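1 is the number of the first residue of the sequence shown in UniProt numbering; add one for each residue after it. Here is the structure we will look at.
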Amino acid sequence: MKLTPVDEIVTLSGGRLACGDKETICRGLSFDSRTCEPGDVFVALVAERDGHDFISTALGRGAVACLVSRDDVVDEISEAGAAAVLVDDTLEALHRWAAGYRKLLNPTVIAVTGSNGKTSTKDLIRSVLGERFVVGATRGNFNNHIGLPASILGLSGRESHAVLEIGMNHAGEIAPLAKIAAPDISVVTNIGVAHIEFLGSREAIAEEKGELVTALDGDGVAVINANDDFADTLAFRCDGQVVRAGIDRGDVRAENLKPLGARTEFDLVSPDGERRSVSMPIPGRHMVGNAVLAAAVGFTCGLTMDEVVAGIESVALTSGRLGADDADGVVVIDDSYNANPDSMIAALDVLATWPGAKRRFAALGAMGELGEFSDSGHQSVGAHAASLDLDGLVVVGDGAQKIVEAASGAAFPVEFFPSIDAAADALRAFAYQPGDVVLVKGSRSSRMEALIEPIRA
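Right, here's the structure in full:
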């Protein structure tokens with residue numbers, strides 16, 4: 001956050017100064033009193049726990065201002081010599097503040113949504129644009145009704161471009177976040193089955209994700225996955241320019257893919273037909289799809305082919321997203337951050353095509369938020385795993401049994417463990433050999449990252 005006077009927070013949030021000096025300078029933003037730092041403004045959000053109950057801790061850690069909706073805490077804030085901005089609802093005020101701050105700084109905003117690949121695509125876009133511009137971006141996947149405004153308010157004012165990830169679980173969540181972000185470029189990675197438990201169908205998911213395209217004005221640009229079967233539906237909702245990017249099709253496209261273990265080579269083709277070989281430090285066909293979306297954003301923002309290629313080739317992804325680590329000759333593919341059937345199948349394909357592997361193993365956890373599609377989703381993963389040339393499959397956690405059932409006819413051993421601890425003990429005792437490749441993947445709730453160290457041990 002840029003150095004921000006309390007008076008600016010009052011104006012942008014729509015609140016009033018209840019105590020303190022309006023010229024007090026705030027240096028950062030905090031929602032958690034335990035991590036509040038000197039100079040922060042503490043936002044007292046009301047959720048399962050009421051942030052107002054922790055104001056004393058925030059003040060003790062150096063907060064110089066508080067955004068509050070309870071007037072009974074004003075005296076305590078005043079006695080600490082801090083400023084209080086009083087509003088009716090702190091979450092709504094946070095949203096107003098972020099929307100106003102975005103307009104005040106006025107960077108070129110690239111907003112990214114989709115069922116799979118949001119964070120990786122965001123990382124790739126940031127890396128590409130960073131070849132020329134000062135770029136701000138969402139930290140990790142902090143992409144919800146709190147994370148998005150926090151990401152905007154985290155901009156320093158020096159950035160010419162901001163890459164913002166926008167997620168959702170339920171219908172009606174994208175539009176208000178898109179209103180805050182006010183994107184100049186909207187990127188939709190794909191329409192899959194993530195969160196289908198709450199939306200009921202891919203058509204409903206496409207309708208919700210499409211709100212990010214609808215948010216564009218006539219000067220905006222929608223970057224759409226040319227390989228997605230909802231591409232035309234999304235393009236129809238755009239009042240501005242549409243750029244399609246994909247594998248073997250689109251205005252920007254990747255051709256001649258070559259999986260090379262932890263790297264992937266492909267030819268990148270620009271909208272004007274220029275062609276360049278790319279060596280991307282990430283495995284997976286689906287990651288190439290994310291890379292061409294990032295390339296399309298780069299070309300839209302005026303970058304040269306040299307700059308776009310350099311950005312893709314130097315990208316560093318957020319942890320837990322298909323990172324490959326070689327420990328004593330055993331390659332561990334860590335894709336543990338999250339999972340749904342589409343991304344699980346894509347990761348299995350990466351494992352199955354890993355060149356030079358002596359043996360290939362997968363450790364898969366349960367996938368959440370699939371609702372009535374849970375059984376069929378897990379079965380599709382198990383059936384796909386059984387069709388591949390693997391050497392072993394470990395399935396972990398309640399809800400993942402359908403993977404085991406569908407993979408029961410596989411030509412390799414399939415084992416089920418009810419808990420992470422039981423799986424960790426088994427994986428720790430297994431005799432791995434140089435040349436083995438092990439994939440670890442599951443939903444956030446599965447805690448599959450806890451299996452990485454036992455495999456490496």
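Glycine is no exception: its CB is placed at the ideal position from the N, C-alpha and C atoms. All figures in this text were calculated on a predicted structure; none of them were measured in a lab.
Would you mind reading off the limits of the alpha helix (DSSP H) that contains residue i?
i       : result
Arg-132 : Premise fails: Arg-132 is in no alpha helix (DSSP H) and is neither H nor E.
Val-213 : 211-214
Val-315 : It is not in any alpha helix (DSSP H) - Val-315 carries neither H nor E in the DSSP assignment.
Ser-30  : First-last for Ser-30: 28-30, but that is the beta strand (DSSP E), not the alpha helix (DSSP H).
Phe-299 : 285-300
Glu-165 : It is not in any alpha helix (DSSP H) - Glu-165 instead sits in the beta strand (DSSP E) that spans 161-165.
Ala-235 : 231-236
Ala-83  : Note, Ala-83: premise wrong, no alpha helix (DSSP H); beta strand (DSSP E) at 83-86.
Can you list, in chain order, the residues of its chain whose CB lies under 7 angstroms from that of residue i, leaving out five sequence neighbours each side?
i       : result
Cys-36  : Ser-30, Phe-42, Ala-58, Arg-61, Gly-62 and Ala-63
Phe-230 : Ile-191 and Ala-206
Ser-13  : Leu-67, Val-85, Val-87, Ala-93, Arg-96 and Trp-97
Ser-270 : Val-252, Phe-299 and Met-305
Asp-89  : Ser-69
Asp-50  : none
Asn-256 : Phe-266 and Asp-267
Arg-249 : Ala-226 and Asn-227
Roughly how many angstroms separate the alpha carbons of residue i and residue j, rounded to a whole number?
i           : j       : result
Ala-222     : Leu-164 : 14 angstroms
residue 471 : Glu-415 : Missing from the structure shown is residue 471; the chain here goes from 1 to 457 and no further.
Leu-388     : Ala-407 : 10 angstroms
Ala-254     : Glu-23  : 53 angstroms
residue 479 : Thr-189 : In the structure as shown, the chain starts at 1 and stops at 457, and residue 479 therefore has no counterpart that could be examined.
Val-278     : Pro-259 : 12 angstroms
residue 460 : Gln-401 : Given a span of 1 to 457 for the chain in the structure shown, any question on residue 460 remains unanswerable.
Met-448     : Ala-457 : 16 angstroms
Asp-71      : Leu-177 : 28 angstroms
Ala-410     : Gly-392 : 9 angstroms
Asp-326     : Ala-175 : 42 angstroms
Ala-424     : Ala-431 : 13 angstroms
Glu-307     : Val-128 : 7 angstroms
Gly-172     : Glu-208 : 7 angstroms
residue 458 : Asp-398 : The structure shown has nothing for residue 458, since the chain only spans 1 to 457.
Asp-375     : Ala-44  : 40 angstroms
Asp-421     : Asp-232 : 46 angstroms
Lys-122     : Val-315 : 11 angstroms
Ala-386     : Pro-413 : 10 angstroms
Ile-247     : Val-288 : 8 angstroms
Return the chain-ordered list of same chain residues with a C-beta closer than 6 angstroms to the C-beta of residue i, the five sequence neighbours on each side being excluded.
i           : result
Lys-276     : First, the amino acid is wrong: residue 276 is Arg here, not Lys. So the qualifying residues of the chain are Leu-268, Met-305 and Val-309.
Ile-455     : Val-332, Leu-427 and Val-438
Thr-4       : Cys-26
residue 458 : An answer regarding residue 458 cannot be provided, because it is not within the stretch 1 to 457 covered by the chain.
Glu-265     : Lys-258 and Ser-279
Pro-281     : Arg-263
Arg-158     : Val-134
His-286     : Ala-346
Gly-117     : Thr-189 and Asn-290
If I measure Cβ to Cβ from residue i and keep anything under 8 angstroms in the same chain, skipping five residues before and after, which residues do I get?
i       : result
Gly-154 : Met-1, Leu-29, Gly-136 and Arg-139
Gly-261 : Pro-283, Ala-324, Val-331, Trp-354, Pro-355 and Gly-356
Gly-220 : Pro-183, Asp-184, Ile-185, Ser-186, Cys-238, Asp-239, Gly-240 and Gln-241
Ile-180 : His-95, Ala-98, Ala-99, Arg-102, Leu-148, Pro-149 and Ile-152
Gly-15  : Ile-9, Leu-67, Val-85, Leu-86, Val-87 and Ala-93
Glu-313 : Val-278, Ser-279, Met-280 and Pro-281
Pro-434 : Asp-328, Gly-329, Val-330 and Lys-358
Glu-211 : Ile-174, Ala-175 and Ala-178
Ala-383 : Ala-406 and Ala-407
For residue i, report the span of its beta strand (DSSP E) as first-last.
i       : result
Ala-222 : 221-225
Ala-245 : 241-247
Pro-259 : 252-260
Thr-264 : 263-269
Lys-441 : 436-441
Met-367 : Segment: none, Met-367 is in no beta strand (DSSP E) and carries neither H nor E.
Met-280 : 275-280
Leu-67  : 65-68
Val-193 : Note, Val-193: premise wrong, no beta strand (DSSP E); not H, not E.
Phe-416 : 414-417
Leu-155 : Leu-155 -> no beta strand (DSSP E), and no H or E assigned at all.
Arg-16  : 16-19
Asp-334 : 330-335
Thr-113 : 108-113
Leu-91  : From DSSP, Leu-91 is part of no beta strand (DSSP E) but of the alpha helix (DSSP H) over 90-105.
Can you find a C-beta in chain B that's less than 8 angstroms from the C-beta of residue i?
i       : result
Gly-130 : The structure shown has no chain B; it contains just one protein chain.
Since residue i and residue j should fall inside the 8 angstroms C-beta cutoff, what is the C-beta to C-beta distance between them, to a whole number of angstroms?
i       : j       : result
Val-252 : Ala-295 : 5 angstroms
Ala-83  : Leu-17  : 7 angstroms
Val-6   : Gly-20  : 7 angstroms
Ser-115 : Val-193 : 7 angstroms
Leu-303 : Arg-132 : 6 angstroms
Three CB pairs or more closer than 8 angstroms across the stretch 336-348 and the stretch 364-372: yes
Validate contact between the stretch 216-227 and the stretch 135-150 using beta carbons, cut 8 angstroms, 3 pairs: no
contact_flag[the stretch 358-367, the stretch 432-451] where n(CB pairs < 8 angstroms) is 3 or more: yes
Cβ pair count under 8 angstroms reaching 3, the stretch 238-248 against the stretch 200-208: no
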